[in-house]
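For the protein sequence lines, the chains are F and C, in the order given.
Residue numbering for the first sequence follows my numbering, beginning at 138 and increasing consecutively.
Residue numbering for the second sequence follows my numbering, beginning at 30 and increasing consecutively.
In what follows, a structure is listed as structure tokens, so that the remarks can point back to it.
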Amino acid sequence: MPAAATAATTVPPKPQAPLSRLGAVKRERLRAPLRYMFYGAEGTGKSTLASAAPEPIWLDADDGSGRLNVARYQFRDEPGGHVPQRYSEILFAIQDLTVNPHPFKTLVLDTVDRIEAMLWQHIIERESEPSARSKDGALTSIESFGYGKGYVMAVDEWRALCARLDRLRSSRGMSIILIAHSIVKAYKNPTGPDYDRYQPALHDKAAGFLKGWCDLTGFVRHEDDAAKELGNKNSRPKGFSTGRRLLMLSHSAAFDAKSRLALPEEVEVDIENPWGPLAAAVEAGYENEVPALKAAIEEEVKRIGDQALPAKVTSAVAGAKDDPAALSRILAKLKDRPTSTNESRQ
Amino acid sequence: MIEVITKSRLASFSTCQRLHHLAYNLGYRSILPRELAEWGTLFHAGLDAWWGVFKDGDGPGAANIQPLPGLPLAAAMRAMETARAASAAIDDAAFAKAEVMMIAYDARWASTMSEWEVIGVEVEFITTIPGRRRLRVAGKLDKLLRKRSDGSIWFVEHKTTGADLTAGSTYWQRLRMDPQVSIYFGGVRSLGHEPTGCLYDVIVRPNLKPLKATPVEARKYTKDGRLYAKQREADETPEQFRARIAEEVAEVPDSYFARPEVVRLEREIEESERDVEATALQIRATAYAEHAPRNPGGCFPFGSGYQCQFFDVCSGVASLDDETKFERVSNVHQELAAVV
């Protein structure tokens, strides 16, 4: 029988409705998991704070998490296999967590100052290969490249590492916590006397880059103070500790800190519930995000001082419909505008 | 009107508004031979053929069948011969450089190719920027790859350059904000893949020229009648020149080839989109201006070794009406035949 005749007598199947996913529709604002950096002196509670984050897994570069009952990535099947020996093992672990399913919600890199040393060694080994681009003498340290070039190369490695961590965040919805020790460094103050301040124990370029990459950088410290003896005005002040541990979240002359959310200047690292106060502050920060952005926009409009601007901005803010991303874009554009001079206003 | 922005258009506008006006608003192109640009085009043709041999199928299940050794190089050499026939500026010496560099490229990278699945060669894309309905961003990825070990997606950008590639040089630092890489991340996403990074595949043009015979009147001889060591009786032959380049490249291969991984962080992609958006708005604004100003600082881009194709026009020694020097094209994005 000719094919055309067959086709004419065949009843076409009844089209079926596509499987519906409409029942799964959700209305909510999506919140990307955050990137944190906690730094401070030994024993201030940085790791304890991180251990209370949701479902953490540790990359224990420092071998310093022993007293904590936490999940640790096993780099090798041997005693001490939870401590990476090479930078490539850290990259492999991040890739493993990115491509394979697992229950963890937070990745803790403890500590980034130890990882920095491994990263430097990785660069030295790579550039020491026979065909490598650096030919001037043996490479024994990151300083061997001369003129600070080694630190420049290290920034590119940090960028590559953070790009992998970004991919982990987006593909697995994991928060990232970087833990660092602190160092006290002299600050050359251009507007007054020099002073000392705490900063992460990293090279300046790496510290600057990681601080920029993180959504929240907090300095962890004991609440310390000093006072004279009661009733004795001539006594020397004596230092004392209140026993409280604090996570400092806003910049001060004494330490580096920052947050992209509207957070309080400090939150307590509570012994019973270390993560709770920070989580509550972050939640409140999200709730306050829209009012804080609107207030910042108003400030920028005032700073710019262009009389035609308020009407335009009011219209744009109304169009943003309380969407933080849209408000952030408006704010970024305003921050790019110079202040109007009297001349330009005429 | 829909505005199409490419990395070349962005670069030309950033370099000089007059260059952009002549090339993209009016569609002029120089038809004079330009050796450096044509050398790059010729070598690029060889690279496309070389990589094309490794393209062995589609999808993550594609078999890892590696071509026989020598096949990619043979394909590249054939492609360069063909490209040379269409080029007026490539002489024997320039072609010898290309041949040696392609042999060296094959020796440097062929053994690493089993790590990669080549998904596409010369892959064009066209995409949008959020909130800008009349703006399109287009480009062509030199290669699109999937890493066999973990399935991650990468794109390759080939660059031929005369720049210093030593570790920590400024050539690498500027890549942190190179707009082309940033734009191409979005391009890969528009093709349905999530990019991990860019393999920035750099090939340095050897800065060597064939040696000429010492003029007779300048020749000096030793007591036993031999020519001084640094003087020559005859011009260097193409074979001798080829051997000299090969020796130089073999001595320090990583001064001539590098393939670092270049990444973009989430915020950098957003900032790049704002850069493109702002430049596109400036382009639109200047299109309605009566005059596109010249920028003498852009006539001889530092480190590029060439002059702007319209330098003679701007400096008053040539005319755009001269059909022996300039042509006018209808599609100003000729490199993007498929999407624009």
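Note that CB positions come from ideal geometry on N, CA and C, so glycine has one too.
Because the structure is a prediction, the values reported are computed rather than measured.
Let me know the beta strand (DSSP E) ranges lying completely inside the region 266 to 333 of chain F, each 3 residues or longer, listed in chain order.
312 to 324
For the region 162 to 196 of chain C, list every residue whose C-beta sits within 7 Å of some C-beta in chain F, in sequence order.
ASP179, GLY180, LEU194, THR195 and ALA196
Can you say whether GLU319/C is buried or exposed, counting buried as having 16 or more other CB atoms within 10 angstroms of its CB?
exposed
Cβ separation of PHE356/F and ASP393/F, assumed to be a contact under 8 Å, to the nearest whole Å
7 Å
Check each candidate in ARG63/C, VAL150/C and GLU144/C and name the one with the smallest Cα separation from LYS176/C.
GLU144/C
Who are the near neighbours of PRO337/F in its chain, counting only those whose CB is closer than 6 Å to its CB and skipping five residues on each side?
TYR176, ALA317 and ALA344
What residues of chain F sit near THR225/C, judged by a beta carbon separation below 9 Å?
ALA300, ARG301 and ARG304
Against chain C, with Cβ distances strictly below 8 Å, would ALA297/F count as a contact?
yes
Using 8 Å as the threshold, is the C-beta distance between GLY226/C and VAL291/C below it?
yes
Best match in LEU365/C, ALA347/C and ALA366/C for proximity to ILE60/C [C-alpha to C-alpha]:
ALA347/C
Could you tell me which uninterrupted beta strand (DSSP E) segments, each at least 3 residues in length, are contained entirely in the region 173 to 253 of chain F, listed from first to last along the chain?
193 to 197 and 243 to 247
Distance cutoff 8 Å, beta carbons only. Does TRP138/C sit that close to anything in chain B?
Chain labels in this structure do not include chain B; the protein chains are F and C.
Would you identify the three-state DSSP class for CYS343/C, choosing helix, strand or coil?
helix
Quick one, are the C-beta atoms of LYS431/F and LEU464/F less than 8 Å apart?
yes
Can you list, in chain order, the residues of its chain with a C-beta nearer than 7 Å to that of ILE252/F? Leave out the 5 residues immediately preceding and following it.
ALA198, ILE227 and LEU246
At a Cβ threshold of 8 Å, is ASP293/F touching chain C?
yes
Return the CA-CA distance between LYS126/C and PRO235/C, expressed in angstroms with no decimal places.
7 Å
Any C-beta of chain F under 8 Å from that of ARG293/C:
yes
Under 8 Å between C-beta atoms, does ARG205/C make it to chain F?
yes
CB contact flag (ARG293/C, PHE214/C, <8 Å)
yes
Could you tell me which chain C residues have their CB closer than 9 Å to the CB of GLY287/F, listed as they occur along the chain?
ALA196 and GLY197
Can you pull the chain C neighbours of VAL454/F, defined as C-beta to C-beta under 7 Å?
The contacting residues do not exist; VAL454/F stays about 15 Å from chain C at best.
Taking 8 Å as the threshold (beta carbon to beta carbon), is TRP80/C in contact with chain F?
no
Stretch pair the region 350 to 362 of chain C + the region 51 to 60 of chain C: three plus CB contacts closer than 8 Å
yes
Straight-line Cα distance separating ALA139/C from MET131/C
11 Å
Could you tell me whether the Cβ atoms of VAL147/C and GLU186/C are closer together than 8 Å?
no
Any Cβ of chain F within less than 8 Å of the Cβ of GLY88/C?
Here GLY88/C scores only 46 on pLDDT, less than 50, and its place in the model should not be relied on; the value that follows carries that caveat. False, the Cβ-Cβ gap to chain F never drops below 8 Å.
Determine, using beta carbons only, whether TRP412/F comes closer than 8 Å to chain C.
no
What in chain F is Cβ-close to GLU290/C, meaning under 7 Å?
ALA297
Cβ closer than 9 Å: which chain F residues qualify as neighbours of GLN202/C?
VAL289, VAL292 and ASP293
According to DSSP, is ALA399/F part of a helix, a strand, or is it coil?
coil
Sort SER116/C, SER43/C, PHE154/C and ASP193/C by Cα distance to HIS362/C and report the nearest one.
PHE154/C
Unbroken alpha helix (DSSP H) run spanning TYR423/F, endpoints:
413 to 441
Taking 7 Å as the line, does the beta carbon of ASP443/F fall inside it for any heavy atom of the ligand ZN?
Among the ligands in the structure shown, none appear at all, so the ligand ZN cannot be discussed.
Looking at chain C, is there any beta carbon in it that lies within less than 8 Å of the beta carbon of TRP350/F?
yes
Where do the ends of the beta strand (DSSP E) carrying ALA167/C lie?
161 to 176
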